[in-house]
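Comments concern the structure below.
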Amino acid sequence: MINLLKEVARGKRGARDLDFGEAAAAAEAILNQSATPAQIGAFLVAERIKLESIEELEAFVSVSRKFTRREQVQEGLDCAGPYDGRIRSFAATFPTAFLLAAAGLPVTLHGSAPLPPKWGITLQDIILEADIPLSALSRYSSIHAARRSGVLYASSEEWCPPFGKIRGIREEIGMRTIFNTTEKLLDYSCSPFIVFGIYHNTVFDRLARLMIKLGYRKAMIIQGTEGSEDLYIDRPTRVYKVENGAAGLDIIDPEALGLDTPVPELVWDARLQLTTAEAVLQGGGHIAFYNQVLLNGAVRLHLAGRVGSIEEGVYTCKDLLDGGKAWDSYNAWKNALLSEPPVTHQV
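Just so it is clear: in the sequence shown, position 255 is 274 by my numbering, and no numbers are missing.
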């Protein structure tokens with residue numbers, strides 16, 4: 020590890036990108052903790068200053084997946100949002116997952132307890148607020164719930180235990196590291212489709228090339244709310260569509276679909292996130308958040324080829340929300356997590 024550290028920590032002018040093999044060796048040393056905490060921290064900070072290359076990211080994702088208990092539970096859409104959570108926006112991806120499941124598109128959500136640099140409200144915080152204990156999010160229970168509802172929630176440190184072991188180092192560093200990207204690409208259920216949130220548009224091209232290397236059938240990289248995979252409802256959103264080895268910039272404008280809505284300024288906490296999501300899933304709630312879920316659902320259905328256009332997706336999603344099927348999907352998932360899964364085989 021020391022030799023690899025010397026290559027990435029020579030300063031802004033002297034540092035060089037690691038090749039795939041070198042980066043994979045660094046990832047192995049970090050995840051199996053053969054490197055010391057000081058070496059791990061120094062490497063992560065040096066990489067952050069240097070900026071990670073595509074080859075380094077690919078290597079870290081590849082190695083991290085080897086440490087991950089991946090299951091082909093369902094062939095659907097992976098929603099890859101920020102593990103450091105939300106502070107000032109609605110987590111539309113949470114209710115959207117149950118809307119998509121009601122439309123017949125399985126969805127994988129994933130996350131953890133809050134992480135730096137944002138320390139915001141995470142999907143796991145919202146789920147725990149729904150009176151679902153952490154023990155109910157075991158891998159076995161989560162797979163059972165996915166089979167009952169079409170929605171899989173993977174707790175990253177349950178499915179990839181080494182991530183839990185390096186949490187303390189990441190918390191002490193307090194800044195973004197290569198793992199802020201890697202953790203979103205572990206692909207727990209081997210999904211052919213992915214929506215991936217970013218904060219800065221400068222990484223569009225780099226991440227598009229990474230998606231191609233990782234072999235997704237279709238991907239959408241979204242410069243969404245707070246760096247999430249959620250499209251804005253009060254303004255256009257820049258996205259990169261990736262398909263057949265090619266990528267291109269697009270703009271998704273809610274005004275063109277008659278959905279643009281001013282968003283109220285709210286002080287978000289996990290309880291408000293949950294109650295807002297549940298209101299939308301019952302066909303109600305504030306029109307801005309209802310429309311945001313409609314838009315995100317429609318675009319994701321279109322990405323996965325389940326509807327012929329985004330406009331068709333909007334009508335499909337509206338029927339599922341207003342008709343109660345999305346709410347039924349949410350309750351099926353929640354009840355499955357809270358029930359004792361049948362013991363059929365070890366997963």
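Quick reminder that beta carbons are idealized off the backbone N, C-alpha and C, glycines included.
In the DSSP assignment, residue 230 falls within the unbroken alpha helix (DSSP H) covering 223-233.
Contact fails between the stretch 161-175 and the stretch 191-198, because fewer than three Cβ pairs, one in each stretch, are under 8 angstroms apart. Rounded to the nearest angstrom, the gap between the Cα atoms of residue 72 and residue 36 is 6 angstroms. Cβ contact annotation for residue 87 (same chain, cutoff 6 angstroms, sequence separation greater than five): 178, 179, 205, in chain order. Measuring C-alpha to C-alpha distances from residue 203 to each of 79, 74, 251, 261 identifies 79 as the nearest. Residue 174 is bridged by DSSP to 130. Of the candidates 342, 315, 325, 223, the residue whose Cα lies closest to the Cα of residue 94 is 325.
The shortest CA-to-CA distance from residue 49 to any of 222, 20, 151, 225 is the one to 20. Apart from the 5 residues on each side of it in sequence, residue 47 sits with its Cβ closer than 8 angstroms to the Cβ of 53, 82 in its chain, given in chain order. If you draw a straight line from the Cα of residue 268 to the Cα of residue 359, it comes to about 46 angstroms. Beta bridge pairing from DSSP links residue 261 with 238, 266. Per DSSP, residue 252 lies in no alpha helix (DSSP H) and is assigned neither H nor E. Spatial neighbours of residue 242 in its own chain (CB-CB distance under 6 angstroms, excluding positions within 5 residues in sequence) are listed in chain order as 217, 220, 257.
Taken atom to atom, the span from the alpha-carbon of residue 346 to that of residue 316 is near 14 angstroms. Under DSSP, the beta-bridge partners assigned to residue 96 are 126, 212. The beta carbon of residue 236 sits closer than 8 angstroms to those of 211, 212, 262, all from its chain and outside the five residues before and after it, given in chain order.
Every alpha helix (DSSP H) of 4 residues or more that sits fully in the stretch 41-127 is shown, in chain order, as 56-69, 73-85, 112-121. Burial check for residue 189: the Cβ neighbour count within 10 Å reaches 16 or more, so the residue is buried. DSSP places residue 185 outside both helix and strand once states are collapsed to three, so it counts as coil. Residue 128 is classed as buried because its beta carbon has at least 16 other beta carbons within 10 Å across all chains shown. Assignment of beta-bridge partners to residue 140 by DSSP yields 105.
Between residue 122 and residue 320, the C-beta gap is smaller than 7 angstroms, which places the two residues in contact.
Within the same chain, Cβ atoms closer than 6 angstroms to the Cβ of residue 301 are found at 346, the five residues on either side in sequence being excluded. Contact check between the stretch 100-112 and the stretch 246-255: three or more CB pairs, one atom from each, fall below 8 angstroms, which counts as touching. Secondary structure of residue 271 (DSSP, three-state): strand. Straight-line measurement puts the Cα of residue 148 at about 20 angstroms from the Cα of residue 163. In the same chain as residue 105, and ignoring 5 residues on each side of it, the C-beta atoms closer than 6 angstroms to its own belong to 139, 140, 245, in chain order.
Exclusion of the five residues before and after residue 272 leaves 255 as the residues of its chain whose Cβ lies within less than 6 angstroms of its Cβ. In terms of Cβ geometry, residue 124 and residue 323 form a close pair [threshold 7 angstroms].
With fewer than 16 other beta carbons inside 10 angstroms of its own, residue 265 counts as exposed.
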